[in-house]
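Protein chains in written order, with the UniProt record's numbering: chain S, 1 to 365; chain V, 1 to 365. We treat Cβ as the ideally placed atom computed from N, Cα and C, and that holds for glycine. Here's the structure, in structure tokens; my notes come after.
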């Protein structure tokens with residue numbers, strides 16, 4: 001395209017020819033700060049419209065000093081929940097004629113790259129998803145006066161809107177579900193990442209159990225996995241289940257991938273049964289949670305609503321950059337499956353689980 | 001930003017002030033076809049450089065009629081293999097100072113939206129991932145003279161580079177692995193999508209088995225799942241295993257999600273054991289394939305190489321739009337896990353599987 005071949009793009013030369021004006025007049029019409037006679041400008045705009053030149057976002061972006069491109073910053077690409085946000089975000093941005101520019105902030109070079117890109121493309125705004133690293137990044141955007149919205153982050157920065165799932169609601173409900181299922185020796189499986197939603201879930205879980213813990217009816221402790229993935233959950237099983245006399249009978253995991261790993265570790269390493277020996281609750285409702293091998297009770301984050309609200313907040317902030325920060329907490333839904341095995345509770349079971357049965361078919365591997 | 005607030009962006013006015021020239025001179029320096037005296041131009045460029053104005057990609061894009069934005073077209077966001085491509089693609093594009101503009105082609109409105117965006121942003125090229133629908137879309141891009149590269153698609157269009165995993169190699173190896181594991185009553189589980197990689201895998205599988213089928217040493221039939229997901233695999237288990245006298249003892253599934261569903265269906269619905277009663281092979285090596293509950297033998301597509309080659313082919317085609325089409329076939333690696341249980345074969349086991357053991361710990365659910 002750049003090698004001088006003919007192109008199907010309508011160029012300013014085409015518009016000039018059509019309008020009967022000079023090419024420079026066309027350029028000046030679309031150039032910030034350039035002077036052009038009103039009737040020339042009108043001719044140019046009319047021809048531009050007729051030829052389909054009117055939709056040159058690059059030209060428009062230069063004039064408006066913004067591009068309708070929105071940076072979507074992801075940290076790594078191995079978190080199934082984060083990936084599930086990309087579809088709804090792309091859709092919501094398209095509804096506003098905005099387009100998502102994908103950026104990876106998992107490595108320092110990528111990070112500085114993404115910042116440079118932002119400056120180059122006069123990006124209209126940035127959506128930071130959970131797991132993206134330092135608050136530093138958001139501060140850089142703010143310094144450049146680029147509007148920022150964050151999904152599932154702690155609301156720590158003035159001038160940034162935060163759209164979260166209601167972690168406290170989930171944590172409290174997890175306590176209720178595990179206790180109703182008969183678990184009395186409970187563990188919250190935490191992670192050591194910088195994002196704070198795990199702590200919010202754990203704090204609400206502990207708060208909901210505080211009375212029973214005081215009365216001695218329930219035991220509660222916290223364990224920490226080495227990371228957020230399936231493999232970390234599998235390893236955490238050693239930590240929790242190696243000592244037979246100290247095994248918990250109920251575990252609330254801060255996300256589903258950890259929970260799936262923990263279940264497999266409990267089964268494969270110690271022959272434990274879920275839910276008979278240990279009940280497990282996750283968070284996120286990733287696709288694997290509905291897999292028959294896990295049938296995991298979990299909390300579904302409303303990814304459609306998270307995306308919709310994030311894009312809407314960003315759009316509002318583009319129009320009014322100095323509005324006060326907002327924090328939204330969107331409700332989560334309890335999805336009960338066999339990992340807590342309570343047949344009689346009112347259920348919001350997902351249609352994703354291909355088969356729902358009350359009795360367990362014992363599946364020998 | 002657009003509301004007239006002060007901005008950290010360096011504007012043409014800043015450059016004009018710094019260079020001691022008119023704002024119009026700055027504009028003309030960066031405007032396609034506008035005339036400007038060489039010494040003025042030099043002053044402007046020097047100030048632009050000093051102030052950090054030199055990296056305005058929008059200006060440069062207008063001049064070059066392209067943007068360094070590359071469209072990455074995905075069809076839906078529910079295929080774990082496709083999502084795993086996004087990381088490497090983003091990384092490879094960044095190495096060439098290009099940025100991925102994410103587009104969803106799963107719905108007709110999204111499709112036309114994405115086309116409009118392409119035209120608006122003077123996109124430099126497009127990468128179509130497998131699963132994106134009609135060849136029609138690629139034709140539109142070609143008509144607009146936008147370079148196109150496709151990943152895992154049949155090479156049907158002149159002027160389009162195609163980067164595939166070697167499906168024939170995988171299909172032939174799947175036959176070998178299943179036969180070595182002792183399976184004699186084989187099924188290829190196909191899907192009905194428009195993409196042709198499943199057929200290539202099935203055809204190579206059948207070809208590798210042809211001699212044994214002729215001699216009556218092996219039986220082979222094909223079954224068709226209703227779609228590519230876990231739930232479709234689970235349903236396919238009814239088709240394959242409902243009739244005890246006709247059960248296959250080896251199944252090659254066209255992707256891993258199907259294979260995981262099939263395994264769970266075989267276990268939960270019919271109490272079958274994998275691999276004792278039925279051996280299963282998948283394709284893709286998605287994260288779930290390494291999960292202890294599946295421990296699925298599969299073929300790892302080299303997503304890093306697929307992304308690298310696609311971005312490189314696209315870059316070459318940008319420089320030479322009329323070069324002949326190329327089709328690349330990248331080798332896949334066999335990853336042997338317990339679903340075909342052959343302890344003695346040389347193995348390319350993934351480090352992802354947290355535990356590798358020869359003997360099976362029976363995990364009661």
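Inset, instruction - Decide if the stretch 210 to 230 of chain S is in contact with the stretch 181 to 190 of chain S; the criterion is three or more beta carbon pairs, one per stretch, under 8 Å apart. - result: yes
Inset, instruction - Say whether chain S places a C-beta atom closer than 9 Å to the C-beta of residue 35 of chain V. - result: The beta carbon of residue 35 of chain V sits closer than 9 Å to some beta carbon of chain S.
Inset, instruction - Return the residues of the stretch 290 to 308 of chain S that lie within a Cβ-Cβ distance of less than 9 Å from chain V, sorted by chain order. - result: 290, 291, 292, 293, 294, 295
Legend entry - residue 61 of chain S classed as buried or exposed, judged by whether at least 16 other C-beta atoms fall within 10 angstroms: Only weak support is given to the placement of residue 61 of chain S: the predicted model assigns it a pLDDT of 49, under 50, and the question is left unresolved by the model.
Legend entry - residue 103 of chain S - containing beta strand (DSSP E), residue span: 99 to 104
Inset, instruction - Alpha carbon to alpha carbon, how far is residue 90 of chain V from residue 104 of chain S? Give it in angstroms, no decimals. - result: The straight-line gap from Cα to Cα measures roughly 7 Å.
Inset, instruction - Identify every residue that forms a DSSP beta bridge with residue 300 of chain V. - result: V:284, V:333
Inset, instruction - Could you work out which residues of chain V lie near residue 101 of chain S, taking near to mean beta carbons separated by less than 9 Å? - result: 69, 99, 100, 101, 102
Inset, instruction - Have a look at residue 10 of chain S and residue 312 of chain V and give me their C-alpha separation to the nearest angstrom. - result: 27 Å
Inset, instruction - Closer than 7 Å by C-beta to residue 159 of chain V: which residues in its own chain qualify, once you throw out the five before and the five after it? Chain order, please. - result: For residue 159 of chain V, where only same-chain residues beyond five positions count, the Cβ hits under 7 Å are 142, 325.
Inset, instruction - With DSSP collapsed to three states, give me the class of residue 264 of chain V. - result: Under the three-state reduction of DSSP output, residue 264 of chain V falls in the helix class.
Legend entry - residue 12 of chain V, buried or exposed, once every other Cβ within 10 Å from all chains shown has been counted against 16: buried
Legend entry - residue 221 of chain S (DSSP reduced to helix, strand or coil): strand
Legend entry - Contact under 9 Å by Cβ, residue 106 of chain S with residue 74 of chain S: yes
Legend entry - 7 Å CB neighbourhood of residue 315 of chain V in its chain, flanking five on each side removed: 96
Inset, instruction - Give the secondary structure of residue 255 of chain V by DSSP, where H, G and I count as helix, E and B as strand, and everything else as coil. - result: coil
Legend entry - CB of residue 332 of chain V within 9 Å of CB of residue 166 of chain V, strictly: yes
Inset, instruction - Between the Cα of residue 201 of chain S and those of S:292, S:266, S:251, spot the shortest distance and give me the residue it belongs to. - result: S:251
Inset, instruction - Sort out for me which residues DSSP pairs residue 189 of chain S with in a bridge. - result: S:223, S:253
Legend entry - chain S contacts made by the stretch 278 to 290 of chain V, where a contact means CB separation under 9 Å: 287, 288, 290
Inset, instruction - Quick one: using the 10 Å Cβ neighbour count with 16 as the cut-off for buried, is residue 192 of chain S buried or exposed? - result: exposed
Legend entry - Any non-hydrogen atom of the ligand PLP within 8 Å of residue 235 of chain V CB: Looking for the ligand PLP in the displayed structure turns up nothing, as the structure carries no ligands at all.
Inset, instruction - Indicate whether residue 330 of chain V and residue 164 of chain V have their beta-carbon atoms separated by less than 9 Å. - result: yes
Inset, instruction - Identify whether residue 181 of chain S lies in helix, strand or coil by the three-state DSSP scheme. - result: coil
Legend entry - residue 234 of chain S - DSSP class collapsed to helix/strand/coil: helix
Legend entry - Helix, strand or coil at residue 146 of chain V [DSSP, three-state]: coil
Legend entry - C-beta contact flag for residue 268 of chain S and residue 292 of chain V at 9 Å: Yes. Within cutoff.
Inset, instruction - Quick one: using the 10 Å Cβ neighbour count with 16 as the cut-off for buried, is residue 21 of chain V buried or exposed? - result: Residue 21 of chain V is buried by the Cβ-count criterion.
Legend entry - Other residues of its chain near residue 303 of chain S: CB distance less than 7 Å, five sequence neighbours each side excluded: 84, 85, 88
Inset, instruction - Could you tell me which chain S residues have their CB closer than 9 Å to the CB of residue 258 of chain V, listed as they occur along the chain? - result: Going along chain S, no residue has its Cβ under 9 Å from residue 258 of chain V, so there is no contact; the nearest lies around 12 Å.
Inset, instruction - Could you pull the start and end residues of the alpha helix (DSSP H) that residue 128 of chain S belongs to? - result: In the DSSP assignment, residue 128 of chain S falls outside any alpha helix (DSSP H) and within the unbroken beta strand (DSSP E) covering 125 to 128.
Legend entry - Nearest-angstrom Cα separation, counted from residue 205 of chain V out to residue 213 of chain V: 12 Å
Legend entry - Contact set for residue 226 of chain V: own chain, Cβ-Cβ below 6 Å, skip 5 residues either direction: 232
Inset, instruction - Give a yes or no on whether the C-beta atoms belonging to residue 70 of chain S and residue 127 of chain S are separated by under 9 Å. - result: Closer than 9 Å, so yes.
Legend entry - Beta-carbon separation (whole angstroms), residue 178 of chain V vs residue 340 of chain V, contact threshold 8 Å: Rounded to the nearest angstrom, the Cβ distance from residue 178 of chain V to residue 340 of chain V is 7 Å, consistent with a contact under 8 Å.
Legend entry - Rounded C-alpha distance that separates residue 172 of chain V from residue 337 of chain V: CA-to-CA, the gap between residue 172 of chain V and residue 337 of chain V works out to about 18 Å.
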